[in-house]
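A.B. asks: Take any residue in the sequence shown, count from 1 to its spot, add 73: that is its number in my numbering. The C-beta atom is built at its ideal place from N, Cα and C for all residues, glycine as well. Note that the coordinates shown come from a computational prediction; the quantities given were computed from them, not determined experimentally.
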Amino acid sequence: MKNILVTGGAGFIGSNYINYILNERDDYFIVNLDKLTYAGNLENLKSSQANKNYHFIKGDIANSDLVNFIFEKFNIKYVVNFAAESHVDRSISGSEIFYRTNVIGTNILLETARKFEVEKFLQISTDEVYGSLGKEGLFSENTPLSPNSPYASSKAAADMMALAFHHTFGMPVVVTRCSNNYGPFQFPEKLIPLMILNSLNNKKLPIYGDGLNVRDWIYVIDHNKAINLVLEKGNAGEVYNIGASNEMKNIEIVKLILKYLNKPENLIQYVKDRPGHDRRYAIDSTKIKNELGWMPEFSFEKAIEKTIDWYLQNKNWWERIINGEYQKYYETQYKF
Ligand code: NAD
Ligand code: TDX
Numbered sequence: 074m075k076n077i078l079v080t081g082g083a084g085f086i087g088s089n090y091i092n093y094i095l096n097e098r099d100d101y102f103i104v105n106l107d108k109l110t111y112a113g114n115l116e117n118l119k120s121s122q123a124n125k126n127y128h129f130i131k132g133d134i135a136n137s138d139l140v141n142f143i144f145e146k147f148n149i150k151y152v153v154n155f156a157a158e159s160h161v162d163r164s165i166s167g168s169e170i171f172y173r174t175n176v177i178g179t180n181i182l183l184e185t186a187r188k189f190e191v192e193k194f195l196q197i198s199t200d201e202v203y204g205s206l207g208k209e210g211l212f213s214e215n216t217p218l219s220p221n222s223p224y225a226s227s228k229a230a231a232d233m234m235a236l237a238f239h240h241t242f243g244m245p246v247v248v249t250r251c252s253n254n255y256g257p258f259q260f261p262e263k264l265i266p267l268m269i270l271n272s273l274n275n276k277k278l279p280i281y282g283d284g285l286n287v288r289d290w291i292y293v294i295d296h297n298k299a300i301n302l303v304l305e306k307g308n309a310g311e312v313y314n315i316g317a318s319n320e321m322k323n324i325e326i327v328k329l330i331l332k333y334l335n336k337p338e339n340l341i342q343y344v345k346d347r348p349g350h351d352r353r354y355a356i357d358s359t360k361i362k363n364e365l366g367w368m369p370e371f372s373f374e375k376a377i378e379k380t381i382d383w384y385l386q387n388k389n390w391w392e393r394i395i396n397g398e399y400q401k402y403y404e405t406q407y408k409f
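1. Under the rule that 16 or more other beta-carbon atoms within 10 Å means buried, what is Pro217, buried or exposed?
2. With H, G and I counted as helix, E and B as strand and the rest as coil, what does DSSP make of Asn253?
3. Note down, in chain order, each residue of its chain lying with its Cβ closer than 7 Å to the Cβ of Phe409, except the 5 sequence neighbours on either side.
4. Tell me which residues share the same chain as Ala112 and place their Cβ nearer than 6 Å to its Cβ, disregarding the 5 neighbours each side in the sequence.
5. Taking the straight line between their C-alpha atoms, what separation do you get for Asn460 and Lys332?
6. With which residues is Pro279 paired in a DSSP beta bridge?
7. Can you tell me whether Leu106 sits near ligand 1, meaning its C-beta is under 7 Å from at least one heavy atom of the ligand?
8. Tell me, which residues are paired with Asn154 by DSSP?
9. For Ala123, does the count of other Cβ atoms within 10 angstroms reach 16, so buried, or fall short, so exposed?
10. Along the chain, where does the beta strand (DSSP E) that runs through Leu304 open and close?
11. So what does DSSP say about His350, is it helix, strand or coil?
12. State the start and end residues of the unbroken beta strand (DSSP E) segment that holds Met321.
13. Restricting to Cα atoms, I'd like to know which of Ile280, Gly87, Arg98 is closest to Leu106.
14. Would you list the one or two residues that DSSP bridges to His128?
15. Could you tell me the distance, in whole angstroms, from the CA atom of Asn301 to the CA atom of Asn339?
16. Does the contact criterion of 3 or more C-beta pairs under 8 Å hold for the segment 351–365 versus the segment 311–329?
17. Mind checking whether the beta-carbon of Lys328 lies closer than 7 Å to any heavy atom of ligand 2?
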């Protein structure tokens, strides 16, 4: 049995990861440590909660006593650290919690994992640590880090720390840097679910700046499969980029969503740009393909429709979110 601590497993990518792994494998015992911030939702894990190989603990990765207790009690040998504050706009309105969770929290996990001599520590990172690209080029694992937002800088700090723990202590750390994910259970503050729900509710679709910023989109299950490959086969001390070579301008995505839902383009509203808005992200994932044999399986055309259909079929899930605390954030962020 592989005893794995998954942190942030009630969020978007972490919950998809847990549901996927428990469905595919019976040799993994997963302890999910999640603080249940606004972004954590146990409803995402309904299909896993009764699984005998799953255990949930509500708590903070920055709580050293709790983390120590978990490693000891569950004989943790693997860590997948998803837990983070993950939204760039929120990091612009208040950065402290980003450093507390993403940097201090990761430090506590690393120190505890070192003490308990884990076999693999996987730090889930992001392509945002590389900064912004011009019209040409791709981020490779050797691209110098140049994070531009408080969020990205906190993730870059955590990456460097994780790699330093490998260099200094020989810890079996690996880092993955993935591009923008989409799929079921994504919190509607992020571009794709926000635009789907606003379209469904006939609300304005706020596009930052000129709408020509480019993101490189990957379906969450393709990301999860790559993560598991790196967890099992990735070489200690290495970084692996993950992306599906699917660059899109924001405005193209928004128009595609409107078309699929048969809604008018006059719902689009250009709004003030995000401060420090990165222009373009694009990932070169040659390394994980060549060294670990990973390939994305979902085409954007099919997976975006699957995602929109999921939001259409899971109204209860998102209605509970947009009726609650999130409403206050939305009103402050967009003022309409
Ligand atoms: P999310 O915001 O949906 O989920 C984050 C989860 O972490 C939530 O369940 C939250 O409750 C939990 N959490 C937050 N602070 C915590 C703490 N102190 N202790 C324990 N749990 C805590 O985020 P996501 O989109 O699922 O992203 C997961 C990871 O993947 C993050 O590390 C993020 O940086 C990285 N990432 C995300 C994307 C993307 O497109 N969403 C792309 C690349 C990398
Ligand atoms: O209302 C909006 N209007 C808009 O034009 C929002 C929320 C976003 N945007 C733009 C900003 C970006 O160019 O859409 C693009 C995508 O924005 P987000 O969904 O906020 O994602 P991004 O900032 O690219 O960061 C995401 O990908 C990398 C995740 O949130 C991070 O956690 C991940 O590391």
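C.D. replies: Considering the structure as presented:
1. For this step, residue 217 is matched to residue 144 along the sequence shown. That one is exposed.
2. Counted from its first residue, the sequence shown places residue 253 at position 180. Reduced to three states, the DSSP call for Asn253 is strand.
3. Counting from 1 along the sequence shown, the entry for residue 409 is found at position 336. Within the same chain, Cβ atoms closer than 7 Å to the Cβ of Phe409 are found at Lys277, the five residues on either side in sequence being excluded.
4. On the sequence shown, position 39 is the one that residue 112 refers to. The answer, listed in chain order, is Gly84, Phe260.
5. What the structure shows of the chain is the stretch from 74 to 409, and residue 460 is not part of that stretch, so it cannot be assessed.
6. What you label residue 279 is simply residue 206 of the sequence shown in a count that begins at 1. Pro279 is bridged to Gln342.
7. In the sequence shown, the residue the question calls residue 106 occupies position 33. Distances taken from the Cβ of Leu106 to the heavy atoms of ligand 1 include one shorter than 7 Å.
8. To locate residue 154, count along the sequence shown from 1; it is residue 81. Listed as beta-bridge partners of Asn154 by DSSP are Thr80, Gln196.
9. Reading the sequence shown from its first residue, position 50 is the one you call residue 123. Around the beta carbon of Ala123, a 10 Å sphere encloses fewer than 16 other beta carbons of the protein chains shown; the residue is thus reported as exposed.
10. For the purposes of this step, residue 304 is identified with residue 231 of the sequence shown, where counting begins at 1. Looking at the DSSP string, Leu304 is not in any beta strand (DSSP E); the run it does join, the alpha helix (DSSP H), is 293–306.
11. Residue numbering aside, residue 350 sits at position 277 when the sequence shown is read from its first letter. Reduced to three states, the DSSP call for His350 is coil.
12. To locate residue 321, count along the sequence shown from 1; it is residue 248. 320–322 is the extent of the beta strand (DSSP E) around Met321.
13. Translated into positions along the sequence shown, residue 106 becomes position 33. Answer by Cα proximity: Gly87.
14. For the purposes of this step, residue 128 is identified with residue 55 of the sequence shown, where counting begins at 1. Val104, per the DSSP bridge assignment.
15. Translated into the one-based positions of the sequence shown, residue 301 becomes position 228. Translated into the one-based positions of the sequence shown, residue 339 becomes position 266. Those two C-alpha atoms are separated by around 42 Å.
16. yes
17. In the sequence shown, residue 328 corresponds to position 255, counting from 1. No, the beta carbon of Lys328 sits no closer than 7 Å to any heavy atom of ligand 2.
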